[in-house]
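*Asks:* What follows is a structure written as structure tokens; I'll ask about it next.
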Amino acid sequence: MNPASFSIRTEPSDPLALSGDVVGRPVAANSDPAYCSDWITKWLSRCEKEHPRCQRPIITSRTTNIEPHKSEYSDDAPLPPRLIEVGSSTSKTLSLRETRGMRGRYCALSYSWGRSKSFKTSKATYQERLRGFALDDLPTTIRDAIRLTRALQFQFIWVDALCIVQDDKLDWAENSAIMDQIYGFATITIAASLCDDKWHSLYRKRNQPQSIRISSLSNTKSRIKPERGVMTISRRDGVFSDIFMAAPLASRAWTLQEWLLSRRTVHITSEQIFWECQERGFGEDGSSFDQSFSSRVFLPPAGISPKPDLTQMLSRWKGVVDAYSQRKLFATSDKLPALAGLAHQFQQLTDASYLAGMWREEMPLGLLWTVQTSSLVETGRSAPEWRAPSWSWASIDGAVHCDGYQGLVLMASPGPTLEQLEIVASEITLKNEANPFGEVTKAVLRVRGKAQRLRRKPQRLQHRTTSGRSGSVPLGYSMQSGKGGVTFDNEATERGDVPEEFSCLLVDKRVDDEGELMSAFLVIEEVPGALFDLKQWSSSIQFEVIAMCWLGEITVHIGNTFCKAINNLKAGPTTMDDEGAFFTAIRYERLAFVLGTPIE
Numbered sequence: 257m258n259p260a261s262f263s264i265r266t267e268p269s270d271p272l273a274l275s276g277d278v279v280g281r282p283v284a285a286n287s288d289p290a291y292c293s294d295w296i297t298k299w300l301s302r303c304e305k306e307h308p309r310c311q312r313p314i315i316t317s318r319t320t321n322i323e324p325h326k327s328e329y330s331d332d333a334p335l336p337p338r339l340i341e342v343g344s345s346t347s348k349t350l351s352l353r354e355t356r357g358m359r360g361r362y363c364a365l366s367y368s369w370g371r372s373k374s375f376k377t378s379k380a381t382y383q384e385r386l387r388g389f390a391l392d393d394l395p396t397t398i399r400d401a402i403r404l405t406r407a408l409q410f411q412f413i414w415v416d417a418l419c420i421v422q423d424d425k426l427d428w429a430e431n432s433a434i435m436d437q438i439y440g441f442a443t444i445t446i447a448a449s450l451c452d453d454k455w456h457s458l459y460r461k462r463n464q465p466q467s468i469r470i471s472s473l474s475n476t477k478s479r480i481k482p483e484r485g486v487m488t489i490s491r492r493d494g495v496f497s498d499i500f501m502a503a504p505l506a507s508r509a510w511t512l513q514e515w516l517l518s519r520r521t522v523h524i525t526s527e528q529i530f531w532e533c534q535e536r537g538f539g540e541d542g543s544s545f546d547q548s549f550s551s552r553v554f555l556p557p558a559g560i561s562p563k564p565d566l567t568q569m570l571s572r573w574k575g576v577v578d579a580y581s582q583r584k585l586f587a588t589s590d591k592l593p594a595l596a597g598l599a600h601q602f603q604q605l606t607d608a609s610y611l612a613g614m615w616r617e618e619m620p621l622g623l624l625w626t627v628q629t630s631s632l633v634e635t636g637r638s639a640p641e642w643r644a645p646s647w648s649w650a651s652i653d654g655a656v657h658c659d660g661y662q663g664l665v666l667m668a669s670p671g672p673t674l675e676q677l678e679i680v681a682s683e684i685t686l687k688n689e690a691n692p693f694g695e696v697t698k699a700v701l702r703v704r705g706k707a708q709r710l711r712r713k714p715q716r717l718q719h720r721t722t723s724g725r726s727g728s729v730p731l732g733y734s735m736q737s738g739k740g741g742v743t744f745d746n747e748a749t750e751r752g753d754v755p756e757e758f759s760c761l762l763v764d765k766r767v768d769d770e771g772e773l774m775s776a777f778l779v780i781e782e783v784p785g786a787l788f789d790l791k792q793w794s795s796s797i798q799f800e801v802i803a804m805c806w807l808g809e810i811t812v813h814i815g816n817t818f819c820k821a822i823n824n825l826k827a828g829p830t831t832m833d834d835e836g837a838f839f840t841a842i843r844y845e846r847l848a849f850v851l852g853t854p855i856e
């Protein structure tokens, strides 16, 4: 159980506030556009005066084709292709505006659609949106955000449902590819953190915990006699990070990159308003906090600092993927598009090559991701429809962990690598060339390395719990302490649908700090379709990955040599390459990742 957290607050004019004894301030029981805009205007003014880092977007002239003269600054940023022109505070209508190269200031909205997709811009309604539409016709969240934009005296706001033609595949792909520019150039992002769909209001009665009032003398170092003030003590739900992570918006996949790409975000929560920029964070209650995860992900913008270290950047990418995989998508086909803005930013900063959610530069160790098995996250399972190759984490619905093996390597202080899987070639076919970081229709990874045919003992994959229940090894169950265990990627595999025979592919082999061999493998299952190199201890495999397995007490029976084991493979059509090596048509699915004693 977490310890209780309390807040101490007093009125700004109270002696306890004037003396600096109490920095916390009361939070209003209700909010409205005028109230919120007062706070936001104050924070924005302070940020623009005191935070030079925040004047530049997360992206800069190095990461966009827009000319660099003033376009990097918030008062003269390039506008997205379309924006909502909000009109005056009394206007009952607003319109969609084609910006055509305009520059200026605008807000962006980060919110949850929910399952209802009513009131959006389509091919049929596009001209109508340009002519104008009624404010009252909009979903509540969007309507409230527009009223706040007006109160802030901004002319424009970007809302995806209205600014993207939702049934135009090309327009959708083009806009989803520039999310880093849309949110990066926005002066402010309004995050509807408290709303789980677009029909909930930003303005509602706040959560007001029970409190007690205590009288106390102010502390003063002057000769003036201390004055008596009154402070309020109440239990609170936590600091900003706790409230942020518990908010409905933090469970949505699309909103992760919207948050990470924004220079300044106003989080409207059920407790209070929070301001977060690249240098500081503030709460309506007077609290402050240091820059968050969002401002540390990909380092300062390019052009301000030298080109970042690739190893460090890859580690941060894995952290983003871990966090992203815990969030939910209404359309599972959005798995890659909802991360495209961050992928584009990463690629521009590093010049790395993107492979369906992964990077060529992190191979082969990047293949060694696992599903997370905590009860706090959703169990991993393969997507119902193909959207990514099984060697990519993007093929899995549910939480993944990308850095487990590398983390273990670092902790073990290993010696030099003895053997590693070779990445021979990669091939990615995009669904739409307009978004090179979006959906894929084909992804092939050709590798060369040691492979071995394995047979398991079924009883060794059985376990018994303390309650007496028994069955096949559950997802993430470790069969021995230390460096060993099995983590299946798929619920179907967890239920016991594991083949009696499969192949094991060596990915990495090294010596740990105790002088023992440490090896990482992929366990793969054959399916129709690719090429298996019959040369001893080498292979060229296009495989689909089913699971990751840590080699613990799994018992395998193999031939004395690889050549003997290979003879047990299912025969298929054969061809001969230029070197005279025979290939058998076999394709593989991933079953498991193995860490343990290398196969000899």
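To convert, count from 1 in the sequence shown and add 256; that's this note's numbering. We put the beta carbon where it would ideally sit given N, CA and C, even for glycine.
Within 10 angstroms of the Cβ of P672, are there 16 or more other Cβ atoms? Answer buried if so, exposed if not.
*Replies:* The residue labelled residue 672 in the question sits at position 416 within the sequence shown. By the 10 Å Cβ count, P672 comes out exposed.
*Asks:* Taking the straight line between their C-alpha atoms, what separation do you get for T685 and S543?
*Replies:* As a first step, residue 685 must be located in the sequence shown, where it is residue number 429. As a first step, residue 543 must be located in the sequence shown, where it is residue number 287. For T685 and S543, the distance between alpha carbons rounds to 49 Å.
*Asks:* Counting C-beta neighbours from all protein chains within 10 Å, is the total for S269 16 or more, i.e. buried, or is it exposed?
*Replies:* In the sequence shown, counting from the first residue as 1, residue 269 sits at position 13. Per the 10 Å Cβ criterion, exposed.
*Asks:* Specify the secondary structure class of W531 as computed by DSSP and reduced to three states.
*Replies:* Translated into positions along the sequence shown, residue 531 becomes position 275. W531: strand per DSSP, three-state reduction.
*Asks:* Checking 8 Å against the spacing of the C-beta atoms, do Q857 and V763 come in under that value?
*Replies:* There is simply no residue 857 to check, as the chain begins at 257 and stops at 856 in what is shown.
*Asks:* Give the single residue among D400, T396, F412, A707 whose Cα lies nearest to the Cα of M358.
*Replies:* Along the sequence shown, one-based indexing puts residue 358 at 102. Among D400, T396, F412, A707, the Cα nearest to that of M358 is on F412.
*Asks:* Does the contact criterion of 3 or more C-beta pairs under 8 Å hold for the segment 347 to 358 versus the segment 382 to 395?
*Replies:* Flag = yes, the segment 347 to 358 and the segment 382 to 395 touch.
*Asks:* Would you mind stating whether A608 and L566 have Cβ atoms separated by less than 8 Å?
*Replies:* On the sequence shown, residue 608 is found 352 positions in, with the first residue counted as 1. On the sequence shown, residue 566 is found 310 positions in, with the first residue counted as 1. Contact flag set, yes.
*Asks:* Name the two residues that bound the continuous alpha helix (DSSP H) containing L300.
*Replies:* Here residue 300 refers to the residue found at position 44 of the sequence shown. From DSSP, the alpha helix (DSSP H) with L300 extends over 289 to 306.
*Asks:* Helix, strand or coil for V703? Go by DSSP, reduced to three states.
*Replies:* Looking up residue 703 in the sequence shown gives position 447. Residue state, collapsed to three classes: strand.
*Asks:* Looking only at its chain, what residues have a beta carbon closer than 6 Å to the beta carbon of S287, apart from the 5 residues adjacent to it on each side?
*Replies:* The sequence position of residue 287 within the sequence shown is 31, counting from 1. Result list for S287: Y459, in chain order.
*Asks:* Do you know how far the Cα of I652 is from the Cα of S646?
*Replies:* One-based indexing of the sequence shown puts residue 646 at position 390. One-based indexing of the sequence shown puts residue 652 at position 396. One C-alpha to the other measures close to 8 Å.
*Asks:* For K706, count neighbouring C-beta atoms within 10 Å of its own C-beta (all shown protein chains included) and say buried if the count is 16 or more, exposed if not.
*Replies:* Within the sequence shown, residue 706 is the residue found at index 450, counting from 1. Label assigned to K706: buried.
*Asks:* Leaving out the 5 sequence neighbours to the left and right, which residues in its chain are closer than 6 Å to V283 when beta-carbon positions are compared?
*Replies:* Start at 1 with the first residue of the sequence shown, and residue 283 comes out as number 27. Closer than 6 Å at Cβ, skipping near neighbours: Q528, E540, D541.
*Asks:* Judging by CA-CA distance, which residue of T588, K687, R616, T626 is the nearest neighbour of P640?
*Replies:* As a first step, residue 640 is located in the sequence shown; it is residue number 384 there, counting from the start. If we check each option's Cα against that of P640, T588 comes out closest.
*Asks:* With which residues is A681 paired in a DSSP beta bridge?
*Replies:* Start at 1 with the first residue of the sequence shown, and residue 681 comes out as number 425. According to DSSP, which records beta bridges pairwise, A681 is partnered with R702.
*Asks:* Under the rule that 16 or more other beta-carbon atoms within 10 Å means buried, what is P854, buried or exposed?
*Replies:* Residue mapping note: residue 854 aligns to position 598 of the sequence shown, counting from 1. Caution applies to P854, whose pLDDT of 38 falls short of 50 and renders its modelled position unreliable; the model cannot decide the point.
*Asks:* Within its chain, find whatever has a CB closer than 6 Å to the CB of D436; leave out the 5 residues flanking it on each side and keep chain order.
*Replies:* Here residue 436 corresponds to residue number 180 of the sequence shown, with the count starting at 1. So the list reads I315, L517, G597, H600, Q601, once near-sequence residues are dropped.
*Asks:* Going by DSSP, which residues form a beta bridge with G360?
*Replies:* Counted from its first residue, the sequence shown places residue 360 at position 104. In the DSSP output, where bridge partners are listed per residue, G360 has A333.
*Asks:* Spatial neighbours of P504 within its chain, please: C-beta separation below 8 Å, excluding the five flanking residues on both sides.
*Replies:* Numbered from its first residue, the sequence shown carries residue 504 at position 248. Excluding residues within five positions, the ones whose Cβ falls inside 8 Å are S368, S449, L450, C451, D452.
*Asks:* Would H657 pass as a contact of D590 if the rule is Cβ separation under 8 Å?
*Replies:* For the purposes of this step, residue 657 is taken as residue 401 along the sequence shown, with counting starting at 1. For the purposes of this step, residue 590 is taken as residue 334 along the sequence shown, with counting starting at 1. No, the pair does not count as a contact, with Cβ atoms beyond the cut-off.
*Asks:* On a Cα-Cα basis, can you pick out the residue from Y580, L272, L778 that is closest to G485?
*Replies:* Within the sequence shown, numbered from 1, the residue matching residue 485 stands at position 229. G485 has its Cα closest to that of L272, out of Y580, L272, L778.
*Asks:* Cα separation between S794 and L761?
*Replies:* Within the sequence shown, residue 794 is the residue found at index 538, counting from 1. Within the sequence shown, residue 761 is the residue found at index 505, counting from 1. For S794, the predicted model reports a pLDDT of 29, less than 50, meaning its position is unreliable; a value from the coordinates is still stated below. Whole-angstrom Cα-Cα distance: 9 Å.
*Asks:* If you run the structure through DSSP and keep just helix, strand and coil, what is C451?
*Replies:* Stepping through the sequence shown from its first residue, residue 451 is reached at position 195. DSSP places C451 in coil when its eight states are reduced to three.
*Asks:* Tell me whether S497 sits in a helix, a strand or coil according to DSSP, three-state version.
*Replies:* The residue you call residue 497 lines up with position 241 of the sequence shown. Here S497 sits in helix by DSSP.
*Asks:* Output the distance between the C-alpha atoms of A644 and G575, rounded to the nearest integer angstrom.
*Replies:* In the sequence shown, residue 644 corresponds to position 388, counting from 1. In the sequence shown, residue 575 corresponds to position 319, counting from 1. If you take the alpha carbons of A644 and G575, they lie about 20 Å apart.
*Asks:* Could you compute how far the alpha carbon of D277 sits from the alpha carbon of R361?
*Replies:* As a working mapping, residue 277 is identified with position 21 in the sequence shown. As a working mapping, residue 361 is identified with position 105 in the sequence shown. Approximately 39 Å, taken between the alpha carbons.
*Asks:* Quick check on DSSP: helix, strand or coil for T349?
*Replies:* Here residue 349 is taken as the residue at index 93 of the sequence shown, counted from 1. In this structure, T349 counts as strand in the three-state DSSP scheme.
*Asks:* Counting C-beta neighbours from all protein chains within 10 Å, is the total for T697 16 or more, i.e. buried, or is it exposed?
*Replies:* For this step, residue 697 is matched to residue 441 along the sequence shown. The residue is exposed, with fewer than 16 neighbouring Cβ atoms inside 10 Å.
*Asks:* What does the alpha-carbon distance come out to for the pair E770 and Q568?
*Replies:* Along the sequence shown, read from residue 1 onward, the residue named residue 770 stands at position 514. Along the sequence shown, read from residue 1 onward, the residue named residue 568 stands at position 312. Each residue's Cα considered, the two are about 26 Å apart.
*Asks:* Going by the DSSP bridge assignment, what does K584 pair with across the sheet?
*Replies:* As a working mapping, residue 584 is identified with position 328 in the sequence shown. Beta-bridge pairing links K584 to R508.
*Asks:* Taking the CB atoms as reference points, tell me whether W299 and W515 lie closer together than 8 Å.
*Replies:* As a first step, residue 299 must be located in the sequence shown, where it is residue number 43. As a first step, residue 515 must be located in the sequence shown, where it is residue number 259. Contact: no.
*Asks:* Could you check where the beta strand (DSSP E) with T521 kicks off and where it finishes?
*Replies:* For the purposes of this step, residue 521 is taken as the residue at position 265 of the sequence shown. From DSSP, the beta strand (DSSP E) with T521 extends over 521 to 524.
*Asks:* For T831, count the other beta carbons within 10 Å of its own beta carbon; 16 or more makes it buried, fewer makes it exposed. Which is it?
*Replies:* As a first step, residue 831 is located in the sequence shown; it is residue number 575 there, counting from the start. A caution first: T831 carries a pLDDT of 34, below 50, which makes its placement in the model too unreliable to give a value.
*Asks:* Going by the DSSP bridge assignment, what does R766 pair with across the sheet?
*Replies:* For the purposes of this step, residue 766 is identified with residue 510 of the sequence shown, where counting begins at 1. Beta-bridge pairing links R766 to T673, M774.
*Asks:* Tell me whether the beta-carbon of L335 lies closer than 8 Å to the beta-carbon of C419.
*Replies:* Here residue 335 corresponds to residue number 79 of the sequence shown, with the count starting at 1. Here residue 419 corresponds to residue number 163 of the sequence shown, with the count starting at 1. No, these two residues do not count as a Cβ contact at 8 Å.
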